[in-house]
Amino acid sequence: TQTFTVVLKEIWTSLIMWFFYALIPCLLTGAVAILPAPQNLSVHSTNMKHLLIWSPVIIPGETVYYSVEYQGEYESLYTSHVWIPSSWCSLMEEPECDVTDDITATVPYNLRVRATLGSQSSAWSTLTQPFNRNSTILTPPGMELTKDGFHLVIELEDLGPQFEFLVAYWKREAGAKEHVKTVSSGGIPLHLVTMEPGAAYCVKAQTFVKAIGRHSAFSQAECVEVQGEVLPLALALFAFVGFMLILVAVPLSIWKTGQLLRYSCCPAVVLPDTLKVTNSPQKLISCRKEEVDACAMTAVLSSEELFRTWIW
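The sequence shown begins at 1 in full-length UniProt numbering and counts up by one.
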């Protein structure tokens, strides 16, 4: 009986040791998989900005990092084993990833994420349904209306190069026609219309994305009014008088300037009486030589007198 007890004890000890040694590999294998995988994956997409989010993996006193990979339509259909690392989301701390730059076509995309802690990595968690960017939510653009005199100027929110905008504007009155203008980009002030004094104008806008063939709803209409500016009567009268003064003064100034230039450059010379011919040419021809000399001397003196007169 004692021998049987000893043998039974040895067998029991061997079983315990066997069970312990058999459990060690399992414990070692499980040590790699103890890090849970991220859960609750979803994509929030607004105005072509796509954000993959998930529930964070909480390990007290530790920082968990995350990595994201994706598959396009081609990889999903023909090379399902190929996953492409996300451009911006490798070993990041935040439980979210901006996958906008990875989603470059309007086709279904598979997305997955895993957690990493030191040398441990969790299993991959995959998005329940593939994401297509044509499901993005489009919102009306923000807009700012300003007045530059009678010019209505609009500046739209800049949402990126994929966006165009349809701007509708009209004069606020019964039966007014609505005009629509296409704006290729936001962030730039644009002259919309020249307004009439005393009239109010209203504007609304919507976004359009050609890549997905969709547009948002129109924004709430915003209206601005320009007060009528009537020129005061005194100012109008002053302008009229000034115009008439200019109309009279300019020709008068031109005439006076011409007169000054004429008398300065070409003064009028008055001949003295001694140079004036009072007798007939026949009497001058029959003049004796002495008389001719006397006439010549008189003519010379008269020329000197003329010069002095011109100088003074």
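Note that CB positions come from ideal geometry on N, CA and C, so glycine has one too.
{"Check": "Inter-residue spacing [alpha-carbon to alpha-carbon] between Ala31 and Gln220", "Outcome": "Because Ala31 sits at a pLDDT of 42, beneath the cut-off of 50, its placement in the model cannot be relied upon, and the following sentence gives the value as read from the coordinates. About 58 Å."}
{"Check": "Within 8 Å, strictly: CB atoms of Phe165 and Gln206", "Outcome": "yes"}
{"Check": "C-beta atoms of Ile53 and Pro85 nearer than 8 Å", "Outcome": "no"}
{"Check": "Opposing strand residues paired with Gln206 [DSSP bridges]", "Outcome": "Leu166"}
{"Check": "Cβ-based neighbour list, Glu69, same chain, cut-off 7 Å, excluding 5 preceding and 5 following", "Outcome": "Trp83, Ile84, Pro85, Ser86, Arg112"}
{"Check": "Proximity of Met48 and Val209 at Cβ, strictly below 8 Å", "Outcome": "yes"}
{"Check": "Residue interval of the alpha helix (DSSP H) (run including Ser76)", "Outcome": "73-78"}
{"Check": "C-alpha gap between Asp98 and Tyr66, whole angstroms", "Outcome": "13 Å"}
{"Check": "CA-to-CA distance, Trp88 to Thr104, given in whole angstroms", "Outcome": "14 Å"}
{"Check": "Which listed residue (Ser80, Val57, Phe218, Pro141) has its alpha carbon closest to that of Gln120", "Outcome": "Val57"}
{"Check": "Reduced DSSP secondary structure (H/G/I, E/B, other) of Asn40", "Outcome": "strand"}
{"Check": "When Gly118, Ser45, Met92 are compared against Glu62, the one with the closest alpha-carbon", "Outcome": "Gly118"}
{"Check": "Residue closest to residue 315, alpha-carbon to alpha-carbon, out of Tyr201, Ala174, Thr126", "Outcome": "In this structure the chain extends from 1 to 312, so residue 315 is not present and cannot be described."}
{"Check": "Residue from His151, Pro130, Gln39, Ala249 whose Cα sits closest to the Cα of Gly198", "Outcome": "His151"}
{"Check": "Euclidean distance between Cα positions of Thr192 and Arg172", "Outcome": "Checking the sequence, you will find Leu at residue 192 rather than Thr. Near 15 Å, if we compare the C-alpha coordinates of Arg172 and Leu192."}
{"Check": "Assigned secondary structure, Lys49 (DSSP; H/G/I helix, E/B strand, else coil)", "Outcome": "strand"}
{"Check": "Nonlocal neighbours in the same chain, by C-beta distance under 7 Å from Met195, ignoring five residues either side", "Outcome": "Phe150, Leu152, Tyr201, Val226"}
{"Check": "Nonlocal neighbours in the same chain, by C-beta distance under 7 Å from Val107, ignoring five residues either side", "Outcome": "Gly72, Glu73, Asn132"}
{"Check": "Ala115, DSSP secondary structure in three states", "Outcome": "strand"}
{"Check": "Alpha-carbon to alpha-carbon, Pro38 and Ser55", "Outcome": "6 Å"}
{"Check": "Ordered list of beta strand (DSSP E) runs contained in the segment 101-147, each at least 3 residues", "Outcome": "110-117"}
{"Check": "Beta-carbon proximity list for Ile188, same chain, < 6 Å, skipping 5 on both sides", "Outcome": "none"}
{"Check": "Three-state secondary structure (DSSP) of Met244", "Outcome": "helix"}
{"Check": "Between the CA atoms of Met143 and Pro130 - distance to the nearest angstrom", "Outcome": "34 Å"}
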